[in-house]
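K.L.:
Protein chains in written order, with the numbering used here: chain A, 7 to 154; chain B, 472 to 597; chain C, 88 to 200. Got a structure for you, written out below as structure tokens; questions coming shortly.
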Amino acid sequence: MPDDDYLESLEGSYYVQGRDFVDAGIVSSEIKKSLKEKGMPEDIIRKVAVITFEAEINIISYAEQGTIQMFIRPDAITIEANDVGPGIADIELALQEGYSTADESIREMGFGAGMGLSNIKKFSDVFELTSEIGKGTRLKSVVKLNGQ
Amino acid sequence: MKLSEIRDILDARVIVGEDKLDLEITTAFGADLMSDVLAFARSGCLLITGLSNPQAVRTAYALDIAAILVCRGKSLTDKFIEIAKELGIPILWTQYIMFESCGKLFQEGVTGCIRKASEVEDKHIA
Amino acid sequence: MNLETLVEKLNLKCKCCWEKLKSTEVKGGYAGDLLSDVMANSSAGDVWVTRQVHQNIVAVASLKDLAGIIIVQGAVPEKDTIEKAQKEGIPIMVSEWSNFEVVGKVYQLLNNG
Numbered sequence: 007m008p009d010d011d012y013l014e015s016l017e018g019s020y021y022v023q024g025r026d027f028v029d030a031g032i033v034s035s036e037i038k039k040s041l042k043e044k045g046m047p048e049d050i051i052r053k054v055a056v057i058t059f060e061a062e063i064n065i066i067s068y069a070e071q072g073t074i075q076m077f078i079r080p081d082a083i084t085i086e087a088n089d090v091g092p093g094i095a096d097i098e099l100a101l102q103e104g105y106s107t108a109d110e111s112i113r114e115m116g117f118g119a120g121m122g123l124s125n126i127k128k129f130s131d132v133f134e135l136t137s138e139i140g141k142g143t144r145l146k147s148v149v150k151l152n153g154q
Numbered sequence: 472m473k474l475s476e477i478r479d480i481l482d483a484r485v486i487v488g489e490d491k492l493d494l495e496i497t498t499a500f501g502a503d504l505m506s507d508v509l510a511f512a513r514s515g516c517l518l519i520t521g522l523s524n525p526q527a528v529r530t531a532y533a534l535d536i537a538a539i540l541v542c543r544g545k546s547l548t549d550k551f552i553e554i555a556k557e558l559g560i561p562i563l564w565t566q567y568i569m570f571e572s573c574g575k576l577f578q579e580g581v582t583g584c585i586r587k588a589s590e591v592e593d594k595h596i597a
Numbered sequence: 088m089n090l091e092t093l094v095e096k097l098n099l100k101c102k103c104c105w106e107k108l109k110s111t112e113v114k115g116g117y118a119g120d121l122l123s124d125v126m127a128n129s130s131a132g133d134v135w136v137t138r139q140v141h142q143n144i145v146a147v148a149s150l151k152d153l154a155g156i157i158i159v160q161g162a163v164p165e166k167d168t169i170e171k172a173q174k175e176g177i178p179i180m181v182s183e184w185s186n187f188e189v190v191g192k193v194y195q196l197l198n199n200g
């Protein structure tokens, strides 16, 4: 169970509606804006922006709905993305670069090339992905603030 | 080179950012896949893309990309322009296809913001 | 310029249809990752530069009579893609270099010899 300190470090919580492509990416932009206002280092902001962007696109593309939460503590920024949806049957396969179950509408938007999860993993210092078939998927990504 | 020179080389129209034409740009990244951009593009580069939806602007914003060149004469929606203005990303628009756009800029000395994919295997997006 | 010259000058790795490199003339180039876009705008004889690795790229190249496909940025074509390309006679080449650099070099070769 997460401790109280962790829960108290919740900085923002954003609702994401599945299949709503019109505003896709807006959560990432909002999170970036708020980190800029806080004066976070630019490379950290870029990492978090990429992670939240891909997480947001994943929820929109595959789930019914979900939330993206950001926790800021002195040593790290944590992003949690939880969705209600079909879940991922084979996580190892889903993490393989190039593997995708995206349909043509997602591909024509410039996503769905099987790079999303590997991008998130690439820019995370800690990466956890769990899923339950028919229920949903939970992603946790940590970006450390003081070096690697 | 300056953004205004890029405009001239590619007969481009400035859709957003008339006030930013002095911006200095030396590197570029060409792609239609936003995940590809998110994985490999570097801050400060010119993004050359045929994708003209709001996600292209949001991707550029996420990475501090200097400006977007929309190629292939792709039609732009009001929403696209509105978000570019809101996020302060200059938009150039050209009829040239991506191949010609990249080729002409490469000949004028612009380089890829990454050269090989293996260069960015570390975790940094510098 | 034929594909063989292109492979040599850009140090590309050819994944299939080696036997066609010499006889395939490159008339122009097309760069992009949206399949419907390539379908709409590419011309016969173009060499296509893309980051897509999905087997659908072969169908597009075949339908549009493209000279061949260069997959960039170190992306690895799927096994199905290579098998299909072999069957359809579409040369697939790969490069470690980014899309911008590959396109720039192909453009220079096509325009300045």
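All residues carry an ideal CB built from backbone N, CA and C; glycine is no exception. Here the structure is a predicted model, which is why all the values come from computation and not from measurement.
Using the beta-carbon of each residue, which ones in chain C are nearer than 9 angstroms to Phe577/B?
P.N.:
Phe187, Glu188, Val190, Gly191, Lys192, Tyr194, Gln195, listed in chain order.
K.L.:
Please decide whether Gln154/A counts as near chain C, where near means a Cβ-Cβ distance under 8 angstroms.
P.N.:
For Gln154/A, the predicted model reports a pLDDT of 47, less than 50, meaning its position is unreliable and no value from the coordinates is stated.
K.L.:
Hey, could you find the ends of the beta strand (DSSP E) Met472/B is sitting in?
P.N.:
Met472/B -> no beta strand (DSSP E), and no H or E assigned at all.
K.L.:
Starting from Ala30/A, find everything on chain B with Cβ-Cβ shorter than 8 angstroms and list it in chain order.
P.N.:
What Ala30/A touches in chain B: Pro525, Gln526, Arg529.
K.L.:
Which residue comes first and which comes last in the alpha helix (DSSP H) that contains Asn524/B?
P.N.:
Segment: none, Asn524/B is in no alpha helix (DSSP H) and carries neither H nor E.
K.L.:
Any beta carbon of chain A sitting closer than 8 angstroms to that of Ser546/B?
P.N.:
No, no contact with chain A.
K.L.:
Among Phe577/B, Met569/B, Ala512/B, which residue has its Cα nearest to the Cα of Val134/C?
P.N.:
That would be Met569/B, whose Cα lies nearest to the Cα of Val134/C.
K.L.:
Secondary structure at Arg586/B, three-state DSSP: helix, strand or coil?
P.N.:
Three-state result, Arg586/B: coil.
K.L.:
Examine chain A for any beta-carbon lying closer than 8 angstroms to the beta-carbon of Tyr567/B, and answer yes or no.
P.N.:
No, Tyr567/B does not count as interfacial toward chain A.
K.L.:
Residues in the stretch 95-122 of chain A with C-beta within 7 angstroms of chain B's C-beta atoms, listed in sequence order?
P.N.:
Under the 7 angstroms Cβ criterion, the stretch 95-122 of chain A contributes Met115, Gly116, Phe117, Ala119, Met121, Gly122.
K.L.:
Given a limit of 8 angstroms on CB to CB distance, which residues of the stretch 135-153 of chain C reach chain A?
P.N.:
Here the close residues are Arg138, Gln139, Val140, His141.
K.L.:
Between which residues of its own chain and Ser15/A is the CB-CB distance below 7 angstroms, once the five residues before and five after are set aside?
P.N.:
Correct list, in chain order: Phe77, Ile78, Arg79.
K.L.:
Ser182/C: which of Ile552/B, Arg586/B, Ser523/B sits nearest, CA to CA?
P.N.:
Of Ile552/B, Arg586/B, Ser523/B, the residue nearest in Cα terms is Arg586/B.
K.L.:
DSSP puts Tyr21/A in a beta bridge; with which residues?
P.N.:
Answer is Thr73/A, bridged to Tyr21/A.
K.L.:
Would Glu557/B be called buried (16 or more neighbouring beta carbons within 10 Å of its own) or exposed?
P.N.:
When all chains shown are included, Glu557/B counts as exposed.
K.L.:
Hey, Met88/C and Leu196/C: beta-carbon distance below 8 angstroms or not?
P.N.:
Yes.
K.L.:
With distances taken from CA atoms, which of Asp152/C, Ala148/C, Leu97/C, Phe187/C is nearest Ile169/C?
P.N.:
If we check each option's Cα against that of Ile169/C, Ala148/C comes out closest.
K.L.:
Evaluate Lys128/A with the Cβ neighbour count: other Cβ atoms within 10 Å of its Cβ, from every protein chain shown; 16 or more gives buried, anything less gives exposed.
P.N.:
Result: buried.
K.L.:
So who's on the other strand from Trp135/C, going by DSSP bridges?
P.N.:
The partner list for Trp135/C (beta bridge, DSSP) reads Tyr117/C, Ile156/C.
K.L.:
Tell me the residue span of the beta strand (DSSP E) that contains Cys101/C.
P.N.:
Unbroken beta strand (DSSP E) run through Cys101/C: 100-103.
K.L.:
Do you know offhand how far Pro221/C's Cα is from Gln173/C's?
P.N.:
Examination of residue 221/C is not possible in this model, given that chain C is present from 88 through 200 alone.
K.L.:
Nearest-angstrom Cα distance between Ala588/B and Phe511/B?
P.N.:
Cα to Cα, the separation comes out at about 7 angstroms.
K.L.:
Can you list, in chain order, the residues of the stretch 162-183 of chain C whose Cβ is nearer than 8 angstroms to any Cβ on chain A?
P.N.:
Residues Ala162, Val163, Glu165.
K.L.:
Could you check whether the Cβ of Asp89/A sits closer than 7 angstroms to any heavy atom belonging to the ligand PLP?
P.N.:
Absent from the structure shown: the ligand PLP. Ligands present: none.
K.L.:
In terms of DSSP beta bridges, what is Asn125/A paired with?
P.N.:
Answer by DSSP bridge pairing: none, since Asn125/A is not bridged.
K.L.:
Count the other C-beta atoms from every protein chain shown that fall within 10 angstroms of the C-beta of Leu13/A, then say buried if there are 16 or more, exposed otherwise.
P.N.:
Leu13/A comes out exposed.
K.L.:
Just to confirm my understanding: we take Asp89/A, look at its own chain, exclude 5 residues before and 5 after, and list those with CB closer than 6 angstroms. What are they?
P.N.:
Only Ile65, Ala69, Gly72, Gly142, Thr143 meet the Cβ criterion.
K.L.:
Taking Ile187/C as part of the beta strand (DSSP E), name the residues at either end of that continuous run.
P.N.:
Sequence check: residue 187/C is Phe here, not Ile. Taken as a continuous stretch (DSSP letters only), Phe187/C belongs to no beta strand (DSSP E), being part of the alpha helix (DSSP H) at 186-199.
K.L.:
What residues are listed by DSSP as bridge partners for Gly142/A?
P.N.:
Note: Gly142/A sits in a beta bridge opposite Val90/A, Glu138/A.
K.L.:
Is it buried or exposed for Glu60/A, if we count other Cβ within 10 angstroms and need 16 for buried?
P.N.:
It is buried - the Cβ of Glu60/A has at least 16 other Cβ atoms within 10 Å.
K.L.:
Mind checking which residues open and close the beta strand (DSSP E) that includes Leu563/B?
P.N.:
That run of the beta strand (DSSP E) goes 562-564.
K.L.:
Just checking my contact of Ile519/B with Gly501/B at CB under 8 angstroms: how many whole Å lie between their CB atoms?
P.N.:
Their Cβ separation, rounded to whole angstroms, is 4 angstroms, which keeps Ile519/B and Gly501/B in contact under 8 angstroms.
K.L.:
Just the C-alpha distance for Leu145/A and Val132/A, rounded to the nearest angstrom, thanks.
P.N.:
Going by the C-alpha atoms only, they are around 11 angstroms apart.
K.L.:
Residues bridged to Ser147/A by DSSP?
P.N.:
Beta-bridge pairing links Ser147/A to Ile85/A, Phe133/A.
K.L.:
Can you tell me where the beta strand (DSSP E) with Ala512/B in it begins and where it stops?
P.N.:
Neither: Ala512/B is in no beta strand (DSSP E) and is coded neither H nor E.
K.L.:
Taking Ser514/B as the query, report the chain A residues whose CB atoms sit under 9 angstroms from its CB, ordered along the chain.
P.N.:
The contacting residues are Glu48, Asp49, Arg52.
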